[in-house]
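For reference, the structure is listed below as structure tokens.
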Amino acid sequence: MQPLTSYSISRLQEMFARGTVGPVEVVRAYLDEIDSKEGAVRAFIETSPDQAIERAKRLERLDPKEYPLYGVPVAIKDNICTSHLHTTCASKILAGYTPPYDATAVSRLLDAGAVLMGKTNLDEFAMGSSTENSAFQITRNPWNTDCTPGGSSGGSAAAVAAGMVPVALGSDTGGSIRQPAAFCGVVGMKGSYGRVSRYGLVAFASSFDQIGPVTRDVMDCAIVMKVISGHDAMDSTTLPGNGNDMLGSIDKGIAGLKVAIPAGMSGWGMDEDVRHSMDDTVKFLETSGARVSQVELPDMDVSMACYYVLANAEASSNLARFDGVKYGYRAEAATLSGMYRASRGEGFGEEVKRRILLGTYVLSSGYYDAYYLKAQNVRKMIRARFQDVFDEIDIIAMPTTPTPAFGIGEKVDDPVAMYMSDIFTTGANIAGIPAISIPAGLSREGLPIGMQLIAGAGREALLLGAAGALEKNCRFRERCLPDPRRWGV
Ligand code: GLN
200 MQPLTSYSIS RLQEMFARGT VGPVEVVRAY LDEIDSKEGA VRAFIETSPD QAIERAKRLE
260 RLDPKEYPLY GVPVAIKDNI CTSHLHTTCA SKILAGYTPP YDATAVSRLL DAGAVLMGKT
320 NLDEFAMGSS TENSAFQITR NPWNTDCTPG GSSGGSAAAV AAGMVPVALG SDTGGSIRQP
380 AAFCGVVGMK GSYGRVSRYG LVAFASSFDQ IGPVTRDVMD CAIVMKVISG HDAMDSTTLP
440 GNGNDMLGSI DKGIAGLKVA IPAGMSGWGM DEDVRHSMDD TVKFLETSGA RVSQVELPDM
500 DVSMACYYVL ANAEASSNLA RFDGVKYGYR AEAATLSGMY RASRGEGFGE EVKRRILLGT
560 YVLSSGYYDA YYLKAQNVRK MIRARFQDVF DEIDIIAMPT TPTPAFGIGE KVDDPVAMYM
620 SDIFTTGANI AGIPAISIPA GLSREGLPIG MQLIAGAGRE ALLLGAAGAL EKNCRFRERC
680 LPDPRRWGV
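If you count by the numbering used here, then the sequence shown holds residues 200 to 688, one letter each, in order.
Dropping the structure here:
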């Protein structure tokens, strides 16, 4: 028999329904994986083994057939609120904080029968691309522990890649689900803006933020998307409808679809191995009957600049609430303003302070028109361009990142180099459109390479169908798995 931790969600559901295995056994098997690998990977800020076993025991009294995620272990990025576990955003300012409620995405997972295994590490307040900005620990890439897992949802991606959970939630503001998914050889998706409720996601840049799944394959991703999607009265920006048709095109493949490759991709610092994977993807698309063409997208560095102006502006406003009064860390001082200053000064890390300063700068009078307003106009232009493109074609395909995972410490002193690893991902957040990263191959050093597919707003089902077809062709999981010897276990 295969190890219990290797089954897909649908296979597990069949086994539960037939009674060949129970949730306690499955949860224990994953807890064993966490025990043996977490020391080397450090994906979790907090694990909840006792609560998980308790919950699995309670599930045993329920009918598996009524719950789409019955007994499925799930890890949650630690900027998503959980009422029974801390939610720290990997920040000293929220250390020890427990929210009074669950995020909508979390309560939907629980209502569907999932079991929470713990909270995963991230760059503080989701600001970063390597998970090195966490105030608590550095997470390592299971494929090579000298490398970062990407970020900011690095803990979620590493936990899934190392087999410690089959599913994790991440958040994606400029690429934070897709980039770490690409670096760790797993699937990561963000839906259209408003597809998944942001209620209970600690806000970074509210007009970009989306919660989404990290999974081992596209089918699991679609199943989780279906559970967490849909209108929510607690988030007025959610789209109408229940997002129920995620699996509607899952077996349709890619034949007949119009797929476009952005022109001039190689100009964006693309590594040779990534280029090869891209070429393979194009070949596959052509042989599988897709109609492949080239498309002019707005310059990627323009998207980057637009994203970093607007996201930081929103962050500077969103993070004003952490003042030492209402939440978390409070420093002692003689005056009220001294207390604010000291609490924020000591509570926030360097990158968060950099973002708050940049954001405040671009919003301040005298600079507002030159930066914030201009970036808003650029955003409109980028959105319009994507809309025009999706009037003509179905899917855009391109690598998720220009390079595979980089080394720990390699970019920490160069924020701009760090920001550049989002160069292919920010466009989908700016335009509010769905995008998915799937593992497509390995570099010569044995690190995963991710391909990104992007679709027009509201077309998640089509996107998942195309991603499923590409996945079948790449056969990544059959061919490649991280090497446990690297983790020292
Ligand atoms: N890496 C990007 C940033 O640092 C994106 C972060 C995210 O998507 N949360 O802002």
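Don't be surprised by glycine CBs; every beta carbon is placed ideally from N, CA and C.
Test item: CB-CB of residue i and residue j under 9 Å
i	j	result
GLY429	ALA454	no
GLY595	LEU496	The sequence shown places Ile at residue 595, rather than the Gly named in the question. Yes; because the gap between Cβ atoms is below 9 Å, this pair is in contact.
ILE648	ALA627	no
MET464	MET619	no
LEU268	LEU315	no
GLU550	ASN278	no
GLY349	SER370	no
ARG415	SER207	yes
GLU245	ALA361	no
VAL426	ALA462	no
VAL386	ALA666	yes
ALA251	VAL226	yes
ALA656	TYR392	yes
GLY354	ALA274	yes
ALA404	ASN511	yes
GLY384	PHE407	no
ASN320	LEU646	no
GLY640	CYS346	no
MET388	THR602	no
Residue span of the alpha helix (DSSP H) that contains residue i, given as start and end
i	result
PHE243	Element bounds for PHE243: not the alpha helix (DSSP H) but the beta strand (DSSP E), 243–246.
ARG490	It is not in any alpha helix (DSSP H) - ARG490 instead sits in the beta strand (DSSP E) that spans 490–494.
GLN212	208–217
ALA665	659–673
SER355	353–360
ILE233	222–240
VAL401	Segment: none, VAL401 is in no alpha helix (DSSP H) and carries neither H nor E.
ASP472	471–486
Distance, residue j Cα to residue i Cα
i	j	result
THR559	VAL615	19 Å
MET445	ASP301	24 Å
VAL271	VAL366	8 Å
ARG257	ALA530	42 Å
CYS280	ARG394	18 Å
ARG520	ARG543	10 Å
SER515	VAL491	42 Å
GLN409	GLU213	31 Å
THR534	ILE292	19 Å
ALA380	SER636	7 Å
GLY447	VAL458	19 Å
ILE592	ALA574	26 Å
MET363	TYR229	6 Å
ALA294	GLY527	6 Å
GLU237	PHE243	8 Å
SER290	LYS525	15 Å
LEU509	THR437	20 Å
GLY442	TYR539	42 Å
ALA630	ILE581	7 Å
ARG584	PRO638	27 Å
LYS276	PRO412	10 Å
ILE422	ILE555	37 Å
SER201	GLY466	Reading off the sequence, residue 201 comes out as Gln, not Ser. When rounded, the distance between both Cα atoms is 45 Å.
ALA541	SER235	40 Å
ASP613	THR303	36 Å
LEU680	GLY548	35 Å
ARG678	SER476	15 Å
Residue i Cβ short of 8 Å to the ligand SAH heavy atom set
i	result
SER620	As presented, the structure is devoid of the ligand SAH, carrying the ligand GLN as its sole ligands.
Residue range of the beta strand (DSSP E) that includes residue i
i	result
GLY640	634–641
ASP371	366–371
PRO379	No beta strand (DSSP E) holds PRO379; the alpha helix (DSSP H) holding it covers 377–383.
MET650	647–654
Min CB distance residue i to chain D below 9 Å
i	result
GLY558	Absence of chain D from the displayed structure is noted, only one protein chain being present.
Sheet register partners of residue i (DSSP bridge)
i	result
THR414	VAL366, VAL386
PRO461	VAL494
SER428	VAL395
CYS505	DSSP output for CYS505 lists no bridge partner at all.
GLN575	In DSSP, GLN575 forms no bridge with anything.
ASP434	ASP431
GLN409	ASP371
ASN332	According to DSSP, ASN332 bridges with nothing at all.
ASN343	ASN340
Practice problem: Go through the stretch 514–554 residue by residue and report every complete run of the beta strand (DSSP E) that reaches 3 residues or more, in order. | Solution: DSSP runs (the beta strand (DSSP E)) wholly in the stretch 514–554: none.
Exercise. Run through the stretch 245–330 for me and flag every whole alpha helix (DSSP H) of 4 or more residues, listed as ranges in chain order.
Key: Counting only runs of 4 or more, we get 248–258, 303–310.
Quiz item: If you scan the stretch 583–628 from start to end, which runs of the alpha helix (DSSP H) of 4 or more residues do you find wholly inside it?
Solution: Whole alpha helix (DSSP H) segments, 4+ residues: 614–619.
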